[in-house]
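For the sequence shown, my numbering gives the first residue as 396, with consecutive numbering after it. What follows is a set of notes on a single structure, which appears directly below.
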Amino acid sequence: MNSEPLKEVAGRKNFGASHALMTTPQPCVMIATWDKDHTPDVMMAAWAGQYDHNQIVVSMSKHKTTENIELTGAFTVSFADIRTVAESDYFGLVSGNKVPDKVAKAGFTVTPSPNVDAPIINEYPLTLECKVVSWADGILVGEVVNMSADECILTDGKVDLGKLQPIVFDAAGMCYRSIGDIVGGAWNAGKKFAE
Numbered sequence: 396m397n398s399e400p401l402k403e404v405a406g407r408k409n410f411g412a413s414h415a416l417m418t419t420p421q422p423c424v425m426i427a428t429w430d431k432d433h434t435p436d437v438m439m440a441a442w443a444g445q446y447d448h449n450q451i452v453v454s455m456s457k458h459k460t461t462e463n464i465e466l467t468g469a470f471t472v473s474f475a476d477i478r479t480v481a482e483s484d485y486f487g488l489v490s491g492n493k494v495p496d497k498v499a500k501a502g503f504t505v506t507p508s509p510n511v512d513a514p515i516i517n518e519y520p521l522t523l524e525c526k527v528v529s530w531a532d533g534i535l536v537g538e539v540v541n542m543s544a545d546e547c548i549l550t551d552g553k554v555d556l557g558k559l560q561p562i563v564f565d566a567a568g569m570c571y572r573s574i575g576d577i578v579g580g581a582w583n584a585g586k587k588f589a590e
């Protein structure tokens, strides 16, 4: 580890390497599992992302959800949205070890996934059904075997983020922000520089 003092970056404020805002925004993913009694559990995780074309990766410490994942080898991932901010935040605040019926307490319902041994939280309109590829050193890698979406978030048969309105975690502001507006076309907006 470098013990030399940081040099100032002209025109900017330095925060150092330990600041919470390393990569932002961070998706608010909801990880759902069954426990040994087949009670659904869901937690919010912010350190997650796509790992490969059909894999997701989540950094998380050991707790109720990881115990359930070790038990079943499966989980679902849904995306918190503006309609579910309070419930999603609650799932991140309360441990399933202390409140085993927290899904029901939030007023949410579940359907067993037909593809993996995990629950689908009905109130989240977009869900990835995942099998565990690896779980070691706080890094969970899952293979996405299916993505299902409620018709209410589709446009022309595709997931429409403007309709889903997912939220992201803003570590600098300690708040959630929504995603929605299109600001440019992917592999299109920069074409003016390629000509």
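C-beta atoms are modelled at their ideal positions from N, C-alpha and C, and glycine is treated no differently. Predicted model, so just to flag it, every value in this text is computed and none were measured.
One alpha carbon belongs to G580, the other to K586, and they sit about 10 angstroms apart. Every alpha helix (DSSP H) of 4 residues or more that sits fully in the stretch 485 to 570 is shown, in chain order, as 497 to 500 and 556 to 559. The Cβ-Cβ distance between K526 and G537 falls below 8 angstroms. F410 is classed as exposed because its beta carbon has fewer than 16 other beta carbons within 10 Å across all chains shown. In this structure, DSSP gives I451 an extended state, which the three-state scheme calls strand. Annotation for M542: L523 place their beta carbon closer than 6 angstroms to its own, counting only its chain and skipping 5 residues before and after. S398 sits in coil when the DSSP states are folded into three classes, being neither helix nor strand. In the DSSP secondary-structure assignment, S456 is not bridged to any residue. Considering only G444, P422, A501 and N463, the residue with the shortest C-alpha distance to A513 is N463. Around the beta carbon of F588, a 10 Å sphere encloses fewer than 16 other beta carbons of the protein chains shown; the residue is thus reported as exposed. Around the C-beta of S529, fewer than 16 other C-beta atoms lie within 10 Å, and the residue is accordingly described as exposed. Counting C-beta atoms within 10 angstroms of its own C-beta, E465 has fewer than 16 neighbours from the protein chains shown and is therefore classed as exposed.
In this structure, the alpha-carbon of T471 lies about 44 angstroms from that of E590. According to the DSSP assignment, F470 belongs to no alpha helix (DSSP H) but to the beta strand (DSSP E) extending over A469 to F474. Note: A440 is bridge-paired with V424 in the DSSP secondary-structure output. Comparing alpha carbon positions, the residue from A531, Q560, L521 and C570 closest to E546 is L521. With respect to W442, S454 sits close: the two C-beta atoms are nearer than 8 angstroms.
For the pair D496 and T428, the CB atoms are not nearer than the 8 angstroms cut-off. Using a Cβ distance threshold of 8 angstroms, A475 and I548 do not count as a contacting pair. In the DSSP secondary-structure assignment, W582 is not bridged to any residue.
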